[in-house]
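Participant:
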Amino acid sequence: MAQPYLSIVIPAYNEERRLVRAIPAIAAFVAPKGPFEIVVVDDGSRDGTAHITEELTKTHPQVRLISYKPNQGKGNAVRVGMLAAEGRYVLFTDADQSTPITELDKLLVKLERDGCDIAIASRRVPGAEVVLAQSWLRALASRVFWMAVRTLALRGVADTQCGFKCMRREVAQKVFPQVTTNTPIFDVEMLILAARAGYRVVEVPVRWVHDLDTRIPYNFRRAWQTWRELMRILWRHKVHWPVRVKG
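Its first residue numbered 1, the sequence shown is counted upward by one per residue in our numbering.
1) Please say whether A194 and V206 have beta carbons closer to each other than 8 Å?
2) What is the rounded straight-line gap between the Cα of I120 and the Cα of Y5?
3) Have a look at T151, V90, P32 and flag the residue whose alpha-carbon is nearest the alpha-carbon of D117.
4) Extract the residue ranges of the beta strand (DSSP E) inside the segment 3-79, only unbroken runs of 3 or more that lie entirely within it.
5) Out of R168, R236, C166, state which residue places its alpha-carbon closest to the alpha-carbon of Q178.
6) From which residue to which residue does the alpha helix (DSSP H) around A172 run?
7) Count the other CB atoms, across all protein chains shown, that sit within 10 Å of the CB of M167; report buried if there are 16 or more and exposed otherwise.
8) Buried or exposed: which applies to R244, given that a residue is buried once 16 or more other Cβ atoms fall within 10 Å of its Cβ?
9) My assumption, with CB atoms under 8 Å, is that A95 sits in contact with A22. Please give the rounded CB distance.
10) For L91, which residues does DSSP report across the bridge?
11) Do I10 and V41 have their C-beta atoms closer together than 8 Å?
12) Under three-state DSSP, which class holds A158?
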């Protein structure tokens with residue numbers, strides 16, 4: 001079988017309602033681009049995520065399900081999906097489609113035409129359109145986290161956490177085996193590894209809509225856990241000063 005042009009990885013935890021809408025929309029948009037696959041990684045869901053995905057394969061044979069228990073965290077789900085993906089280009093995107101799949105072309109052109117290795121969606125660069133913003137508390141926490149990342153871990157990236165990133169398959173196969181965190185800040189670790197490997201990373205302004213039904217609630221306990229995990233990542237990779245991303 002020929003290699004798919006594109007793989008779309010969707011980490012999923014209790015996403016039965018969203019997947020019913022997201023998968024047909026994604027499939028309809030990417031079908032004209034060539035052979036593709038949609039890899040849904042069921043991260044130990046407690047609802048019917050796996051069942052719904054299996055049902056969707058009957059009408060969308062490009063869908064592939066990877067399912068395991070117990071829940072391991074978003075970082076693990078993305079890592080599993082990215083390493084299993086077979087497409088020439090690999091995108092991971094959230095089931096809520098806060099960044100709509102229609103923004104994909106903006107990333108692909110950076111890989112295909114401009115020769116970049118990784119293209120990441122951004123809500124913080126000129127040209128981005130935030131239709132519905134986060135609550136003030138989430139926005140504040142996000143700002144504080146970004147400042148910590150910029151000061152301690154990474155320079156040259158304005159938005160590490162937008163869940164819409166595309167890269168060449170060979171890049172994913174090189175970087176993701178080294179990603180150790182299972183938490184939602186796996187993006188930071190992935191970008192540190194990519195920068196150190198010399199990969200060219202570009203931020204792309206996108207349209208973004210905050211989903212009020214988020215699967216990652218914010219509270220002070222989570223903030224403390226995130227801070228500790230960031231410190232662990234820096235220690236694990238011996239980051240003594242911020243790594244600069246090559247744009």
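Idealized CB from N, CA, C, for every residue including glycine. These figures come from a predicted structure and were not determined experimentally.
Facilitator: Here's the rundown:
1) Your numbering for residue 206 matches position 206 in the sequence shown. Your numbering for residue 194 matches position 194 in the sequence shown. Going by C-beta atoms, V206 is not nearer than 8 Å to A194.
2) Within the sequence shown, numbered from 1, the residue matching residue 120 stands at position 120. Within the sequence shown, numbered from 1, the residue matching residue 5 stands at position 5. Straight-line Cα distance between these residues: approximately 18 Å.
3) Reading the sequence shown from its first residue, position 117 is the one you call residue 117. Ranking T151, V90, P32 by Cα distance to D117 puts V90 first.
4) 6-12, 36-43, 63-68
5) As a first step, residue 178 is located in the sequence shown; it is residue number 178 there, counting from the start. The residue with the shortest Cα to Cα distance from Q178 is R236.
6) Taking the first residue of the sequence shown as position 1, residue 172 is located at position 172. That run of the alpha helix (DSSP H) goes 169-175.
7) Looking up residue 167 in the sequence shown gives position 167. Answer is buried; the Cβ neighbour count reaches 16.
8) Position 244 of the sequence shown, counted from the first residue, corresponds to residue 244. With fewer than 16 Cβ atoms within 10 Å of its Cβ, R244 is classed as exposed.
9) The residue labelled residue 95 in the question sits at position 95 within the sequence shown. The residue labelled residue 22 in the question sits at position 22 within the sequence shown. About 5 Å separates the two Cβ atoms, so the contact holds.
10) In the sequence shown, residue 91 corresponds to position 91, counting from 1. In the DSSP output, where bridge partners are listed per residue, L91 has I8, C166.
11) Within the sequence shown, the letter at position 10 stands for residue 10. Within the sequence shown, the letter at position 41 stands for residue 41. Yes, the pair counts as a contact, with Cβ atoms nearer than the cut-off.
12) The residue labelled residue 158 in the question sits at position 158 within the sequence shown. Here A158 sits in coil by DSSP.
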